[in-house]
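Engineer: Residue numbers (the working numbering), protein chains in the order written: chain A, 1 to 331; chain B, 1 to 331; chain C, 1 to 331; chain D, 1 to 331. Note that CB positions come from ideal geometry on N, CA and C, so glycine has one too. What follows is a single structure, and I will ask about it in a moment.
Number of protein chains: 4
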Amino acid sequence: MSSFSTDPADLDPNDPAGEVTLRAEAYRNWGRWGEDDVLGTLNFIDSAKRTQAARLVTEGITVSLGQEFNEDGPQKGWKKRNNPVHTMTGTGLDAERSLDAFPHGIGGADDLIMMPLQCSTQWDGLGHIFDRGYAWNGRRAGDVVTTQGDGVTGIEKAASVIVSRGVLLDMGRHLRPETGELEDGYAITEEDLDSCIAAQGASSAVGRGDILLVRTGQLARVRREGWGDYAGGPAPGLSITTARWLYRSEIAAIATDTWGFEVRPNEFHESFQPLHQIVIPNMGLTVGEMWDLERIGQACAERGRFDFLLSAQPLPITGAVGSPINPIATL
Amino acid sequence: MSSFSTDPADLDPNDPAGEVTLRAEAYRNWGRWGEDDVLGTLNFIDSAKRTQAARLVTEGITVSLGQEFNEDGPQKGWKKRNNPVHTMTGTGLDAERSLDAFPHGIGGADDLIMMPLQCSTQWDGLGHIFDRGYAWNGRRAGDVVTTQGDGVTGIEKAASVIVSRGVLLDMGRHLRPETGELEDGYAITEEDLDSCIAAQGASSAVGRGDILLVRTGQLARVRREGWGDYAGGPAPGLSITTARWLYRSEIAAIATDTWGFEVRPNEFHESFQPLHQIVIPNMGLTVGEMWDLERIGQACAERGRFDFLLSAQPLPITGAVGSPINPIATL
Amino acid sequence: MSSFSTDPADLDPNDPAGEVTLRAEAYRNWGRWGEDDVLGTLNFIDSAKRTQAARLVTEGITVSLGQEFNEDGPQKGWKKRNNPVHTMTGTGLDAERSLDAFPHGIGGADDLIMMPLQCSTQWDGLGHIFDRGYAWNGRRAGDVVTTQGDGVTGIEKAASVIVSRGVLLDMGRHLRPETGELEDGYAITEEDLDSCIAAQGASSAVGRGDILLVRTGQLARVRREGWGDYAGGPAPGLSITTARWLYRSEIAAIATDTWGFEVRPNEFHESFQPLHQIVIPNMGLTVGEMWDLERIGQACAERGRFDFLLSAQPLPITGAVGSPINPIATL
Amino acid sequence: MSSFSTDPADLDPNDPAGEVTLRAEAYRNWGRWGEDDVLGTLNFIDSAKRTQAARLVTEGITVSLGQEFNEDGPQKGWKKRNNPVHTMTGTGLDAERSLDAFPHGIGGADDLIMMPLQCSTQWDGLGHIFDRGYAWNGRRAGDVVTTQGDGVTGIEKAASVIVSRGVLLDMGRHLRPETGELEDGYAITEEDLDSCIAAQGASSAVGRGDILLVRTGQLARVRREGWGDYAGGPAPGLSITTARWLYRSEIAAIATDTWGFEVRPNEFHESFQPLHQIVIPNMGLTVGEMWDLERIGQACAERGRFDFLLSAQPLPITGAVGSPINPIATL
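Put into structure tokens, the structure is as follows:
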């Protein structure tokens, strides 16, 4: 299997369905962890991997890889995805005005939030994407996700799982040393990934159970220039041809600093997120998007070291097909 | 200072204001970390503490301390606190019905959530509670939290901070070995805390920068018997007299498996959460509530070991006075 | 057709499916207004009916038939139905504190709401209920209502329609003159409806295009005694046997002061809202629930007159299967 | 009083505060209806006015003046004002898939909405705008609207009030007969209002208790060209100099087809909605915005008649400072 080319130039731009099918079938992990599996490649994380990851903590420094959640985010309402709306149900102003509302002068503020679970730094759960009506592990999409949520692979199933070794491949710095930023539309190839690992050195070797973080630098650019079309527009990202690499590496999960992890525009004339269609429902890969890799990129560049303990646990929202997160790298 | 009694029997049940004031003044940390401080006792966590915590990872096992977020939670609408409402904006059923809605058969599910930030496992931010119109570090409450949120001590300020050594004091198992559960209304004293540490052994020593987890066992009870008044009703919890202990221990944060961390009914005839009023705005202590300490309680009991690496980072919701969390203990 | 009994005593309590089917088939209006119809019995309202209704305005007095929408409502979370959550995004407190936030001293308050569309006084749209997978006019349920909403019979289709003559049948006062309240579980029969009309007199004749309001008095009781199980528990309401009467009367819509319009417990051993299943998807009847009929009940009783101009337009929420409303009777 | 000019050319563009103050003081109705008043100019509607309005119904035709509420609205997130988010908690797809989820084949769909109360066709309540820290009738803003809502003049206070004679002044057709649309930035003057009444004829006389609808035609333009900056950008609207006219006319309320009812950019160099500041907190005028006056404009033009029965009741959301509405004109 997988004898087909991994050179983007060989893709047939008029045949996304065919190119997706080739890779979906070649890299499909259905049944690999049993027919009841709900974790996919997260199964690659084992206790040995976690103890190895914990030993990477030598400085005791933490770096958040999460964007802040607020109204000034990139969303524009597509698929009802607004930016978070955070409102207060009590404030210090109220407390000052009504000092005797509660006994002995205690006062309080409370708040609530409405947010699409895919609005900013997040994990896509395994129920987020389907391939021609099928979800992860070969289940029918409608048997998995109804209006009651994902009753099978809801994100709560991964509540305690996603702590592992994180590895940063800083493609921006590697391929564009002057700017540190890949241009929109740049398709990262297998060759790019390998050359980055070689250049960054031993600490960036990627293997089974690791969580791979790919920094493109796009987030730095939009922060400088405005959100523009960050949510769904052109972006650097992985080529569909990296599906083989992702499969063979046996990584547990992948995340980028872009809206959609794969290159946009997609590599076909009429297409929508073909690499998602391969890796989520077929490979069982958990995908992270809109991570803030600026601080960790800087920290790794300064140290010449690219791996760390990564705590990226989701909120266990029952039946959710994704979760907002605040991933923490500890070095 | 703090020459007053730490025996709950000595409290004047008719004078909550006086008893609160004594302790608020005695254990006030205003200015301790500068007038611009936004972290309070979280400042006690340093890099040495974190590297120590990482070395506690010997088995590579992770335990979630988070309850699931869903509609079947304990909230009843007090202060507009409902349980989370999670709704789908796309499902597998839709994807199956409209296989050609997107190119090459890709389909997707999306979702959103509305939730009070204090509805289940969470951190109270420093802007959550005021003492007679004043917030943490001596600021006026209305200068800190308006309808635009907490512009000073918002939970996003602690985004990367809350990774440290966690220590579990399993008061339920220690004081009630038969049931493992403290009865509602039981006020945990300084003596109780010390005797638990002595009984549990060296791994449960509590010191500067640690995050203290106090398991009462109430959550196990309500899971068995129904939520009842878990949100706001009677509960075991810390006595107001433990304020001294909390202050002297120099812990970074504290969390319990109850709605409100302190004993309820409170220890005065007319009162509302007096220990909150002391520790949050005055001491600057970050408080966690409704944590699920059942699994970690079991794990610790089996091992006779009570400390671990704790990753309890909040979601960085800008200006929030609290955050839902999924704390992860790694052993 | 419809030769079967209209005496509730003749119902087979073990055969809800059979009893529903008999009536669903007998009173089915599919195709009556063309295959593209989206209004059902609302088609009975014509311009003559409306001019007649306007002539009923003799005093210029308005009465709201809407309950207030707030957090203290009857909902308990079933089917994610909470009470409305109304939050402020600006207040007078903020405006006072920041007099110069906007030019020349203007200040403002804003707010938002999260609410289930069926949480209080409302209309059920025609897409709210299905009969064995079929929606109004014989369409497949899944062709009508997806996660994108009701693309066919959404409540916005009735935006300008629901203004007509309203007629109040005050069953509480008629059948229980001492209390004015029917007891929970009381099944209103055809005979009851007819005797009420006879007793109330000519102004309560019910005919084509009218909107029928049935006051049971239950709302008065729960206001006095607490919500209890108002949302889904026992209640007075229409017997399934009134389906014939509702069909023959050619009313445009019906509304009651109860959660579910029909009697609860339902009239079968295992059943759920069988009359809904007959009248919404089959008859095409628009059903209103949780209306406040106390003020209008009083006003009508005082005047001995039971009809009025009724303006009960929905909010035109695109694709909604229901709408909160504030119906206004003008006398 | 009110001896100052009503010619916009006489305004001092550098002195918005002064110009606002002149008019705020001249047209202030504080105390006019008693110190406890919560309705302002809505008090002008009396029963005689309503019976007069009902007699205007001669054809029995209804016209909705409400825009549809959905995700494709004009809002862009300013002041947390998003477009409504309507989500389903049950659908026909689910019902088809699980025919036996409920007894005897009944199935159902449910939905909920999150919406800013000022997101589309609405009324501004009297607590929506403040003048230098003061609200309607001279109350301190912070005594009226807290995070608990408007405890004094909440929109629920007007639940049954807003049914009256509506009068359409079609300024677009009158001033721009070729296009029917005023250009953005056009400030409607007192002279314009009077000349429109004269041109439209007797049915458009405006007096005490009427609800005045001013059609600019902007909504027709944005529907043709895209929302653009409909929410907050340039628009035709009333000049601040019309405050006198609005005061003397004794109208009960006013509404337009624009975002903000008054001309934008405002008529001063640095300003924000100065006419709001005059008419809402000082005059006590209820203001409607984003009404759809296209259909009624057409209907009136065809008939040469410009008044009708107007049912524009708000949703009685307790403590709200505004309400989404679906106003219905009946001719």
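Would you decide whether residue 179(C) is buried or exposed? Buried here means 16 or more other CB atoms lie within 10 Å of its CB.
Structural biologist: As a position in the third sequence, residue 179(C) is number 179, starting the count at 1. Counting Cβ neighbours within 10 Å, residue 179(C) comes out exposed, since fewer than 16 surround it.
Engineer: Sort out for me which residues DSSP pairs residue 308(C) with in a bridge.
Structural biologist: Taking the first residue of the third sequence as position 1, residue 308(C) is located at position 308. 166(C), per the DSSP bridge assignment.
Engineer: Can you tell me whether residue 52(C) is helix, strand or coil according to DSSP?
Structural biologist: Here residue 52(C) corresponds to residue number 52 of the third sequence, with the count starting at 1. Reduced to three states, the DSSP call for residue 52(C) is helix.
Engineer: Name, going along the chain, the residues of the region 106–117 of chain B whose beta-carbon falls closer than 8 Å to a beta-carbon of chain D.
Structural biologist: Here the close residues are 112 and 114.
Engineer: Whose C-beta lies closer than 8 Å to the C-beta of residue 228(A) among residues of the same chain, with five residues either side of it excluded?
Structural biologist: Along the first sequence, read from residue 1 onward, the residue named residue 228(A) stands at position 228. Within the same chain, residue 228(A) has close Cβ partners 222.
Engineer: Are there 16 or more other CB atoms within 10 angstroms of the CB of residue 28(D), so buried, or fewer, so exposed?
Structural biologist: Translated into the one-based positions of the fourth sequence, residue 28(D) becomes position 28. Its Cβ being crowded by 16 or more others within 10 Å, residue 28(D) is buried.
Engineer: Which full runs of the alpha helix (DSSP H) of 4+ residues lie inside the region 34–117 of chain D, going along the chain?
Structural biologist: Segments of the alpha helix (DSSP H) lying fully in the region 34–117 of chain D: 47–54 and 92–97.
Engineer: Might you give, ordered along the chain, the residues of its own chain that have their beta carbon closer than 7 Å to the beta carbon of residue 300(D), omitting 5 neighbours on each side?
Structural biologist: Looking up residue 300(D) in the fourth sequence gives position 300. Cβ within range, chain order: 168, 170 and 306.
Engineer: Closest Cβ-Cβ distance between residue 97(C) and chain B: below 8 Å?
Structural biologist: As a position in the third sequence, residue 97(C) is number 97, starting the count at 1. Yes, contact with chain B.
Engineer: Compare the C-beta of residue 5(D) with all C-beta atoms of chain C and state if any pair is closer than 8 Å.
Structural biologist: On the fourth sequence, position 5 is the one that residue 5(D) refers to. Cβ-Cβ to chain C under 8 Å: no for residue 5(D).
Engineer: Thinking just about the alpha-carbon of each residue, which of 244(A), 158(A), 246(A) and 325(A) is nearest to the one in residue 117(A)?
Structural biologist: Along the first sequence, one-based indexing puts residue 117(A) at 117. Ranking 244(A), 158(A), 246(A) and 325(A) by Cα distance to residue 117(A) puts 325(A) first.
Engineer: Anything in chain B within Cβ reach of residue 147(D), meaning under 8 Å, just list it in chain order.
Structural biologist: Counting from one through the fourth sequence, the residue named residue 147(D) turns up at place 147. Correct list: 147.
Engineer: Within a Cβ cutoff of 7 Å, which residues of the same chain sit near residue 269(B), ignoring the five residues on either side of it in sequence?
Structural biologist: On the second sequence, residue 269(B) is found 269 positions in, with the first residue counted as 1. Closer than 7 Å at the Cβ level, and outside the excluded window around residue 269(B), lie 13 and 14.
Engineer: Mind listing the chain A neighbours of residue 89(C)? Cutoff is C-beta to C-beta under 7 Å, in chain order.
Structural biologist: Translated into positions along the third sequence, residue 89(C) becomes position 89. Those within 7 Å of residue 89(C) in chain A are 87.
Engineer: Grab the span of the beta strand (DSSP E) containing residue 240(A) for me, first residue to last.
Structural biologist: Position 240 of the first sequence, counted from the first residue, corresponds to residue 240(A). No beta strand (DSSP E) contains residue 240(A), which DSSP labels as neither H nor E.
Engineer: Thinking C-alpha only, which one of 160(D), 99(D) and 130(D) is nearest residue 133(C)?
Structural biologist: The residue labelled residue 133(C) in the question sits at position 133 within the third sequence. Closest by alpha carbon: 99(D).
Engineer: If you reduce the DSSP assignment to three classes, tell me which class residue 317(A) lands in.
Structural biologist: Taking the first residue of the first sequence as position 1, residue 317(A) is located at position 317. DSSP places residue 317(A) in strand when its eight states are reduced to three.
Engineer: Can you tell me which of the three DSSP states residue 123(D) falls into?
Structural biologist: Position 123 of the fourth sequence, counted from the start, is the residue given in the question as residue 123(D). Strand.
Engineer: Would residue 110(B) pass as a contact of residue 76(A) if the rule is Cβ separation under 8 Å?
Structural biologist: The residue labelled residue 110(B) in the question sits at position 110 within the second sequence. The residue labelled residue 76(A) in the question sits at position 76 within the first sequence. Not in contact: residue 110(B) and residue 76(A) (Cβ atoms no closer than 8 Å).
Engineer: Can you name, in chain order, every residue of its own chain whose Cβ lies under 7 Å from the Cβ of residue 1(A), other than the five neighbours on each side?
Structural biologist: Mapped onto the first sequence, residue 1(A) falls at position 1. Residue placement at residue 1(A) is flagged as unreliable, the pLDDT there being 43, under the threshold of 50; a coordinate-derived value is accordingly withheld.
Engineer: Anyone know if the C-beta pair for residue 95(B) and residue 130(A) falls short of 8 Å?
Structural biologist: Translated into the one-based positions of the second sequence, residue 95(B) becomes position 95. Translated into the one-based positions of the first sequence, residue 130(A) becomes position 130. Yes.
Engineer: Under 8 Å between beta-carbons, which chain A residues line up against residue 315(B)? List them in chain order, please.
Structural biologist: Counting from one through the second sequence, the residue named residue 315(B) turns up at place 315. Ordered by position in chain A, the residues that pass the 8 Å Cβ test against residue 315(B) are 66, 69, 315, 324, 325 and 326.
Engineer: State the DSSP-derived secondary structure class of residue 16(B), mapped to helix, strand or coil.
Structural biologist: Along the second sequence, read from residue 1 onward, the residue named residue 16(B) stands at position 16. Three-state DSSP puts residue 16(B) in a helix.
Engineer: What's the gap between the Cα of residue 250(A) and the Cα of residue 210(A)?
Structural biologist: Within the first sequence, residue 250(A) is the residue found at index 250, counting from 1. Within the first sequence, residue 210(A) is the residue found at index 210, counting from 1. Their Cα atoms are separated by approximately 8 Å.
Engineer: Just by C-beta distance, which residues in the region 193–208 of chain C are closer than 7 Å to chain A?
Structural biologist: Those residues of the region 193–208 of chain C that come within reach of chain A (Cβ to Cβ, closer than 7 Å) do not exist; the list is empty.
Engineer: In the DSSP assignment, the alpha helix (DSSP H) including residue 224(B) goes from what residue to what residue?
Structural biologist: Stepping through the second sequence from its first residue, residue 224(B) is reached at position 224. Where residue 224(B) is concerned, the enclosing alpha helix (DSSP H) stretches over 218–225.
Engineer: Going along the chain, which residues of its own chain have a beta-carbon closer than 6 Å to the beta-carbon of residue 174(D), five neighbours each way excluded?
Structural biologist: If you number the fourth sequence from 1, residue 174(D) lands on position 174. The answer, listed in chain order, is 196 and 199.
Engineer: As a quick exercise: from 69(C), 304(C), 90(C) and 104(C), pick the residue whose alpha carbon is nearest that of residue 290(C).
Structural biologist: By 1-based counting over the third sequence, the position of residue 290(C) is 290. That would be 69(C), whose Cα lies nearest to the Cα of residue 290(C).
Engineer: Would you check if the distance between the CB atom of residue 165(C) and the CB atom of residue 52(C) is smaller than 8 Å?
Structural biologist: Position 165 of the third sequence holds residue 165(C). Position 52 of the third sequence holds residue 52(C). Yes, the pair counts as a contact, with Cβ atoms nearer than the cut-off.
Engineer: Does residue 94(C) come within less than 8 Å of chain B when only Cβ atoms are used?
Structural biologist: As a position in the third sequence, residue 94(C) is number 94, starting the count at 1. With 8 Å as the cut-off, residue 94(C) counts as an interface residue toward chain B.
Engineer: Chain D beta carbons: is any one of them nearer than 8 Å to that of residue 35(C)?
Structural biologist: The residue labelled residue 35(C) in the question sits at position 35 within the third sequence. For residue 35(C), the answer is no, since every Cβ of chain D falls outside 8 Å of its Cβ.
Engineer: How is residue 23(C) classed by DSSP in three states: helix, strand or coil?
Structural biologist: By 1-based counting over the third sequence, the position of residue 23(C) is 23. Helix.
Engineer: Look at the Cβ atom of residue 155(D), then the Cβ atom of residue 185(D), and state whether they are nearer than 8 Å.
Structural biologist: Within the fourth sequence, the letter at position 155 stands for residue 155(D). Within the fourth sequence, the letter at position 185 stands for residue 185(D). Against a cut-off of 8 Å, the Cβ pair of residue 185(D) and residue 155(D) comes out as no contact.
Engineer: Comparing C-alpha positions only, which one of 149(C), 147(C), 122(C) and 153(C) sits nearest to residue 137(C)?
Structural biologist: Within the third sequence, numbered from 1, the residue matching residue 137(C) stands at position 137. Comparing Cα positions, the closest option is 153(C).
Engineer: To which residues of the same chain is residue 283(D) closer than 8 Å at the C-beta, ignoring the five residues directly before and after it?
Structural biologist: Numbered from 1 along the fourth sequence, position 283 holds the residue referred to as residue 283(D). Once the five neighbours on either side are set aside, the close Cβ partners of residue 283(D) are 27, 28, 29, 40, 41, 243, 246 and 247.
Engineer: Quick one: Cα of residue 255(D) to Cα of residue 287(D), how far?
Structural biologist: Stepping through the fourth sequence from its first residue, residue 255(D) is reached at position 255. Stepping through the fourth sequence from its first residue, residue 287(D) is reached at position 287. Going from the Cα of residue 255(D) to the Cα of residue 287(D) covers about 6 Å.
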